[in-house]
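Only one structure is covered here, and it is reproduced in the block below.
4 protein chains.
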Amino acid sequence: MIKHSAECRVIYGDTDGFGIVYHANYFRWFEIGRAEFFRALGTSYKEITEKGVHLPISEAYCKFIKALKYDDILLVETKIDGRVKGGMKFDFRIFVKGDETPSATGFTRHACVGDDKKIIRPPKFLLDLVKNSLFSDK
Amino acid sequence: MIKHSAECRVIYGDTDGFGIVYHANYFRWFEIGRAEFFRALGTSYKEITEKGVHLPISEAYCKFIKALKYDDILLVETKIDGRVKGGMKFDFRIFVKGDETPSATGFTRHACVGDDKKIIRPPKFLLDLVKNSLFSDK
Amino acid sequence: MIKHSAECRVIYGDTDGFGIVYHANYFRWFEIGRAEFFRALGTSYKEITEKGVHLPISEAYCKFIKALKYDDILLVETKIDGRVKGGMKFDFRIFVKGDETPSATGFTRHACVGDDKKIIRPPKFLLDLVKNSLFSDK
Amino acid sequence: MIKHSAECRVIYGDTDGFGIVYHANYFRWFEIGRAEFFRALGTSYKEITEKGVHLPISEAYCKFIKALKYDDILLVETKIDGRVKGGMKFDFRIFVKGDETPSATGFTRHACVGDDKKIIRPPKFLLDLVKNSLFSDK
Chain A
12 MIKHSAECRV IYGDTDGFGI VYHANYFRWF EIGRAEFFRA LGTSYKEITE KGVHLPISEA
72 YCKFIKALKY DDILLVETKI DGRVKGGMKF DFRIFVKGDE TPSATGFTRH ACVGDDKKII
132 RPPKFLLDLV KNSLFSDK
Chain B
12 MIKHSAECRV IYGDTDGFGI VYHANYFRWF EIGRAEFFRA LGTSYKEITE KGVHLPISEA
72 YCKFIKALKY DDILLVETKI DGRVKGGMKF DFRIFVKGDE TPSATGFTRH ACVGDDKKII
132 RPPKFLLDLV KNSLFSDK
Chain C
12 MIKHSAECRV IYGDTDGFGI VYHANYFRWF EIGRAEFFRA LGTSYKEITE KGVHLPISEA
72 YCKFIKALKY DDILLVETKI DGRVKGGMKF DFRIFVKGDE TPSATGFTRH ACVGDDKKII
132 RPPKFLLDLV KNSLFSDK
Chain D
12 MIKHSAECRV IYGDTDGFGI VYHANYFRWF EIGRAEFFRA LGTSYKEITE KGVHLPISEA
72 YCKFIKALKY DDILLVETKI DGRVKGGMKF DFRIFVKGDE TPSATGFTRH ACVGDDKKII
132 RPPKFLLDLV KNSLFSDK
């Protein structure tokens, strides 16, 4: 199964007055995880939207395990949840580079809609992508 | 039970290229909900932290039901989950002003830590606040 | 001349690890200032865009005079610079409520474009608005 | 003179409802530019702050020349302005990768303060860094 890992670095703009990363910003890294996951599969979210397919978010969850600090280098690991039909679900783990246990875990669920924002079935090219990511031995 | 409702307005900086609010920004409104909830109880999160008590977030979840748009007026309804011990949990509903069904629902869970960032029991003044919010008939 | 003043409150999500507001967030308040300025003139930026007129930003400047802190109540004062033709310029001052000297000053310049993102002359209804704001004795 | 160039990619969270990058987010990229500039000189802003030296921002300016779009790859070019004494000034240019003309230019000015947030003279190690960046032939 493809697990894609994207690298990010914490900036001051990500932190808050408690001296650690503000929680809402983890969801920006989840977005980066999804984007780089699609790129690793040979496409991009931009390309998908240009084909008239959009994946608006329907649910987002994050468990904050260890605080992230300014200048930390993060690895955002992204996998697809293959059990989900009629939309997509991504699972994430955020690691500080070098750490073996994650600093955060979470998921996002997405509907599949057309340019008119109406729900559609995930088109074949997207289902094939998902299948490839699940059965690849990378 | 006290349900506090804070009013916010969507700005361009909250929206994204899909023409609706970017999901991570809902968690900013949840923060505003918590802040105004404490204020409605006669204190403030600032006052609580000045007493050496901090409530770092341990989990955050949001379900995005209806898209929010530029210039929408939002009501963020905040309640405390009275069943939770050893920390705090807040439940949120976001409504577009005038709507009867929520545009989003969610929760945040928080640990209770001291100035040294170590876990502490919620102090009596905080437990009393929670109790007041639950048994008030406001 | 109309000087409009909008009220905002600093949240944790606005602050950074240095314990004060992260500088980029001042530009969000400038946006709120512009929005409330138009509302004070009897219209809204949303209404203006629905007439096919957009005001994308071409320059932004801020001078940070006194640090802003968590839970500060801010007043964002917005005026139009009447000397500017072929676009719009807004001047801002941010005060902590109760302070007589500003915590920040700044400006934003805006082009005037149509729905096709091409430059247009500011339409009459917008010029009239500006004139009203300058010669009103409010 | 050292001109450092950092690479970033535009995410949905950076864009706004007009379909382009929200202006306030350019200042986040300027921050990334400064951070990578210091790293290119063999130190880091984190290391500088650990020596008790902070560079809070006193002015920020950006000129928005060409709109930036979702998934654009950006190069943030950062130089130091060697004429400035008693603080630091950085000049920035943001390019879409492959473009020869910048999409944005700007600057930030910074005071130099100690851990107690009082103004100090830039210490020797920082002045040496600046000198190295100006007279290096990299």
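Protein chains in written order, with the numbering used here: chain A, 12 to 149; chain B, 12 to 149; chain C, 12 to 149; chain D, 12 to 149. Beta carbons: idealized from backbone N, C-alpha and C, even for Gly.
- Could you say which of B:Ala46, B:Tyr81, B:Gly63 lies nearest to tyrosine 81 (chain C) if we only look at CA atoms? Stepping through the third sequence from its first residue, residue 81 (chain C) is reached at position 70. Considering only alpha carbons, the answer is B:Ala46.
- Item | lysine 100 (chain B) - DSSP class collapsed to helix/strand/coil | Stepping through the second sequence from its first residue, residue 100 (chain B) is reached at position 89. Strand at lysine 100 (chain B).
- For lysine 35 (chain C), go through chain A and note every residue whose CB falls closer than 7 Å to its CB, in chain order. Within the third sequence, residue 35 (chain C) is the residue found at index 24, counting from 1. Position check: residue 35 (chain C) holds alanine in this sequence, whereas lysine was assumed. Simply Gly24.
- Query: Which first and last residues belong to the alpha helix (DSSP H) in which phenylalanine 41 (chain C) is found?
  - Reply: By one-based count along the third sequence, residue 41 (chain C) stands at place 30. The continuous alpha helix (DSSP H) containing phenylalanine 41 (chain C) extends over residues 37-51.
- Task: Identify the contact partners of aspartate 83 (chain B) in chain D, using a Cβ-Cβ distance below 7 Å as the criterion.
- Result: Residue 83 (chain B) sits at position 72 when you count from the first residue of the second sequence. Within 7 Å of the CB of aspartate 83 (chain B), no CB atom of chain D is found; the nearest one sits about 11 Å away.
- Could you tell me whether the Cβ of tyrosine 56 (chain A) comes closer than 8 Å to any Cβ of chain B? In the first sequence, counting from the first residue as 1, residue 56 (chain A) sits at position 45. Output row for tyrosine 56 (chain A): interface = no.
- So which residues of chain A does arginine 39 (chain D) contact, with C-beta pairs closer than 8 Å? Your numbering for residue 39 (chain D) matches position 28 in the fourth sequence. What arginine 39 (chain D) touches in chain A: Ile22, Gly24.
- What is the residue span of the beta strand (DSSP E) that tyrosine 72 (chain B) lies within? One-based indexing of the second sequence puts residue 72 (chain B) at position 61. Counting along the chain, the beta strand (DSSP E) containing tyrosine 72 (chain B) begins and ends at 68-75.
- Message: If the criterion is Cβ atoms closer than 8 Å, does the pair phenylalanine 103 (chain C) and phenylalanine 118 (chain C) meet it?
- Response: As a position in the third sequence, residue 103 (chain C) is number 92, starting the count at 1. As a position in the third sequence, residue 118 (chain C) is number 107, starting the count at 1. A contact, by the Cβ cut-off of 8 Å.
- Item | Of the residues C:Lys77, C:Ile84, C:Pro67, the one placed nearest glutamate 18 (chain C), counting alpha carbons only | Along the third sequence, read from residue 1 onward, the residue named residue 18 (chain C) stands at position 7. Checked all of C:Lys77, C:Ile84, C:Pro67; the closest Cα to glutamate 18 (chain C) is C:Ile84.
- Query: Quick one: does aspartate 126 (chain B) have its CB under 8 Å from some CB of chain D?
  - Reply: The residue given as residue 126 (chain B) occupies position 115 in the second sequence. Not one beta carbon of chain D lies nearer than 8 Å to the beta carbon of aspartate 126 (chain B).
- Task: Tell me threonine 119 (chain B)'s beta-bridge partners as DSSP assigns them.
- Result: Taking the second sequence and counting its residues from 1, the one referred to as residue 119 (chain B) is at position 108. According to DSSP, which records beta bridges pairwise, threonine 119 (chain B) is partnered with B:Ala71, B:Phe101.
- Item | Cβ-based contacts, 7 Å cut-off: residues of the stretch 130-144 of chain D near chain B | Flagged: no residues at all.
- Between the C-alpha atoms of aspartate 25 (chain B) and phenylalanine 29 (chain D), what's the straight-line distance to the nearest angstrom? One-based indexing of the second sequence puts residue 25 (chain B) at position 14. One-based indexing of the fourth sequence puts residue 29 (chain D) at position 18. The alpha-carbon atoms of aspartate 25 (chain B) and phenylalanine 29 (chain D) are separated by roughly 12 Å.
- Report yes or no: do three or more beta-carbon pairs, one from the stretch 123-137 of chain B and one from the stretch 62-71 of chain B, lie closer than 8 Å? Using a Cβ-Cβ distance cut-off of 8 Å, the stretch 123-137 of chain B and the stretch 62-71 of chain B are in contact, since at least three pairs of beta carbons, one from each stretch, lie closer than that value.
- Query: If we count the other Cβ atoms within 10 Å of its Cβ and call it buried at 16 or more, is arginine 94 (chain D) buried or exposed?
  - Reply: Taking the first residue of the fourth sequence as position 1, residue 94 (chain D) is located at position 83. Exposed is the call here.
- When the distance is taken between beta carbons, is isoleucine 59 (chain A) closer than 8 Å to phenylalanine 49 (chain A)? To locate residue 49 (chain A), count along the first sequence from 1; it is residue 38. To locate residue 59 (chain A), count along the first sequence from 1; it is residue 48. Yes. Within cutoff.
- Per DSSP, which residues does valine 3 (chain C) bridge with? Please list them. The question about residue 3 (chain C) has no answer, for chain C in this structure spans 12 to 149.
- Using a C-beta cutoff of 8 Å, does isoleucine 43 (chain D) count as contacting chain A? On the fourth sequence, residue 43 (chain D) is found 32 positions in, with the first residue counted as 1. It does; some Cβ of chain A falls within 8 Å.
- Message: Between the alpha carbons of alanine 51 (chain B) and aspartate 27 (chain B), how many angstroms are there, rounded?
- Response: The sequence position of residue 51 (chain B) within the second sequence is 40, counting from 1. The sequence position of residue 27 (chain B) within the second sequence is 16, counting from 1. About 32 Å.
- Task: Could you tell me which residues DSSP puts in a beta bridge with leucine 86 (chain D)?
- Result: Translated into the one-based positions of the fourth sequence, residue 86 (chain D) becomes position 75. D:Glu18, D:Phe106, per the DSSP bridge assignment.
- Message: List, in chain order, every chain D residue whose beta-carbon is nearer than 9 Å to that of serine 69 (chain C).
- Response: In the third sequence, residue 69 (chain C) corresponds to position 58, counting from 1. For serine 69 (chain C), the chain D residues whose Cβ falls inside 9 Å of its Cβ are Lys74, Phe75, Ile76, in order along the chain.
- Query: Do you know offhand how far isoleucine 31 (chain A)'s Cα is from serine 114 (chain A)'s?
  - Reply: Along the first sequence, read from residue 1 onward, the residue named residue 31 (chain A) stands at position 20. Along the first sequence, read from residue 1 onward, the residue named residue 114 (chain A) stands at position 103. Isoleucine 31 (chain A) and serine 114 (chain A): Cα-Cα distance of roughly 12 Å.
- Message: Does any residue of chain B have a CB that is nearer than 8 Å to the CB of histidine 15 (chain A)?
- Response: Here the question's residue 15 (chain A) lines up with position 4 in the first sequence. False, the Cβ-Cβ gap to chain B never drops below 8 Å.
- Item | Backbone CA spacing between proline 134 (chain C) and threonine 54 (chain D) [nearest angstrom] | Numbered from its first residue, the third sequence carries residue 134 (chain C) at position 123. Numbered from its first residue, the fourth sequence carries residue 54 (chain D) at position 43. Their backbone Cα atoms lie some 52 Å apart in a straight line.
- Message: Rounded to whole angstroms, what is the Cα-Cα separation between glycine 109 (chain D) and serine 16 (chain C)?
- Response: For this step, residue 109 (chain D) is matched to residue 98 along the fourth sequence. For this step, residue 16 (chain C) is matched to residue 5 along the third sequence. Going by the C-alpha atoms only, they are around 43 Å apart.
- Message: Applying the 10 Å Cβ sphere with the 16-neighbour rule, what's the burial state of glycine 44 (chain A)?
- Response: Walking along the first sequence from the start, residue 44 (chain A) turns up at place 33. Glycine 44 (chain A) counts as buried, since no fewer than 16 other beta carbons sit within 10 angstroms of its beta carbon.
- Query: Hey, does alanine 46 (chain A) have any beta-carbon neighbour from chain D nearer than 8 Å?
  - Reply: If you number the first sequence from 1, residue 46 (chain A) lands on position 35. Look at alanine 46 (chain A): its C-beta is under 8 Å from a C-beta on chain D.
- Query: Taking the Cβ atom as the reference point for each residue, do histidine 34 (chain C) and phenylalanine 146 (chain D) lie within a distance shorter than 8 Å?
  - Reply: Reading the third sequence from its first residue, position 23 is the one you call residue 34 (chain C). Reading the fourth sequence from its first residue, position 135 is the one you call residue 146 (chain D). For the 8 Å CB-CB criterion, histidine 34 (chain C) and phenylalanine 146 (chain D) do not form a contact.
- Task: Check the Cβ-Cβ distances between phenylalanine 49 (chain B) and every residue of chain A, and say whether any is below 8 Å.
- Result: The sequence position of residue 49 (chain B) within the second sequence is 38, counting from 1. Residue-level contact check: phenylalanine 49 (chain B) does not touch chain A, since none of the beta carbons of chain A fall below 8 Å from its beta carbon.
- Would you report the Cα separation of threonine 112 (chain C) and lysine 77 (chain B), rounded to the nearest angstrom? Residue mapping note: residue 112 (chain C) aligns to position 101 of the third sequence, counting from 1. Residue mapping note: residue 77 (chain B) aligns to position 66 of the second sequence, counting from 1. Roughly 42 Å between the two C-alpha positions.
- Message: Please tell me whether lysine 90 (chain C) and lysine 14 (chain C) are closer than 8 Å, where the distance is taken between their beta carbons.
- Response: Numbered from its first residue, the third sequence carries residue 90 (chain C) at position 79. Numbered from its first residue, the third sequence carries residue 14 (chain C) at position 3. Yes. Within cutoff.
- Since phenylalanine 103 (chain D) meets chain C, which of its residues come closer than 8 Å, beta carbon to beta carbon? Here the question's residue 103 (chain D) lines up with position 92 in the fourth sequence. None at all; the shortest Cβ gap to chain C is about 13 Å.
- Query: Taking 8 Å as the CB-CB limit, is isoleucine 29 (chain A) close to chain B?
  - Reply: Taking the first sequence and counting its residues from 1, one reaches residue 29 (chain A) at position 18. Note that residue 29 (chain A) corresponds to phenylalanine in the displayed sequence, not to isoleucine. True, the Cβ-Cβ gap to chain B drops below 8 Å.
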